[in-house]
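Let me begin by presenting the structure, written as structure tokens, before commenting on it.
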Amino acid sequence: MENDQQGSYLRDEDKEEMEKRIRTVVIDSNLVLSNSICGICRTAEDEYIKCDDEYDSHRLISTPYCTHKFCKTCWREYLETNFYSLEENLTVISCPDQDCGASVRLKTIEKLGVHDQDMYLSYIMRVYIENESKQLPAPDDN
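Anchor point for the sequence shown: position 77 equals 77 in the UniProt record's numbering, and the numbering is continuous, going up by one each time.
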């Protein structure tokens, strides 16, 4: 009986390992197409010459929550638009596909490079500060 109780208890490391292996299943009718072509510039991944940074900048990346893939160049342009050009900060930035609501999180940003991580973290901090300042009570003028 003691072994049964120990068997049902998972350490945090085991839980994390299980979560890494569990993936959200998304049915995509264009799965073959979306795996090989950038969803924005429509360039096929295999059209690029494999050479260091140039090839790497066109490697297709998706969020862990959907199958829509985009090259690094298109991801960066999309994120820069969302981080710097929007008048109102969004709490969650979604996948660049207009019909997809999957959120873009740090794990996706990490695949893009250091500049993008810094940009993302600055954005998150700015959103947090703006949201917190909206909730502060007004000073009492009496």
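Cβ atoms here follow ideal geometry from the backbone N, Cα and C, with glycine treated the same way. These numbers were taken from a predicted model, which means no experiment stands behind them.
Output needed for S36: all residues of its chain with C-beta closer than 6 Å, excluding positions within five of it in sequence on either side, in chain order.
Here residue 36 refers to the residue found at position 36 when the sequence shown is read from its first residue. A44 and E45.
What do you reckon, are the CB atoms on S122 and F83 nearer than 9 Å?
Residue mapping note: residue 122 aligns to position 122 of the sequence shown, counting from 1. Residue mapping note: residue 83 aligns to position 83 of the sequence shown, counting from 1. By the CB criterion at 9 Å, S122 and F83 fall inside the cutoff.
Give the straight-line distance between the Cα atoms of I93 and D118, rounded to the nearest whole angstrom.
Here residue 93 is taken as the residue at index 93 of the sequence shown, counted from 1. Here residue 118 is taken as the residue at index 118 of the sequence shown, counted from 1. Looking at the two C-alpha atoms, the distance is approximately 16 Å.
Give me the Cβ distance between R76 and D116, rounded to the nearest whole Å; I'm assuming they're in contact under 8 Å.
The residue you call residue 76 lines up with position 76 of the sequence shown. The residue you call residue 116 lines up with position 116 of the sequence shown. In this structure R76 touches D116 by the C-beta definition: roughly 6 Å separates them, less than 8 Å.
Give me the residue from K72, Y120, T81 and K107 with the minimum Cα distance to G39.
Along the sequence shown, one-based indexing puts residue 39 at 39. For the residues K72, Y120, T81 and K107, the minimum Cα distance to G39 belongs to K72.
Coarse secondary structure for I37, derived from DSSP in three states
Position 37 of the sequence shown, counted from the start, is the residue given in the question as residue 37. I37 carries a strand assignment under DSSP once its states are collapsed to helix, strand and coil.
Residues near residue 144 in its chain [Cβ-Cβ closer than 7 Å; skip 5 each side]:
With the chain represented from 1 up to 142, any question about residue 144 goes unanswered, as that position is not in the structure.
Please return the same chain residues whose Cβ sits closer than 7 Å to the Cβ of K107, not counting the five positions on each side in sequence.
For this step, residue 107 is matched to residue 107 along the sequence shown. Cβ neighbours of K107 beyond the five flanking positions: P64.
Under the DSSP definition of a beta bridge, which residues are partnered with F70?
Walking along the sequence shown from the start, residue 70 turns up at place 70. DSSP lists I61 as partners of F70.
Taking the CB atoms as reference points, tell me whether I109 and Y120 lie closer together than 9 Å.
Indexing the sequence shown from 1 puts residue 109 at position 109. Indexing the sequence shown from 1 puts residue 120 at position 120. A contact, by the Cβ cut-off of 9 Å.
Short of 8 Å in beta carbon distance, which residues of its chain neighbour L112, apart from the five on each side in sequence? Order them along the chain.
By 1-based counting over the sequence shown, the position of residue 112 is 112. If we look at L112 and ignore the five residues flanking it on each side, its Cβ neighbours are I61, K72, W75, R76 and L79.
When you compare only the Cα positions, how much space is there between M125 and N131?
Position 125 of the sequence shown holds residue 125. Position 131 of the sequence shown holds residue 131. The straight-line gap from Cα to Cα measures roughly 10 Å.
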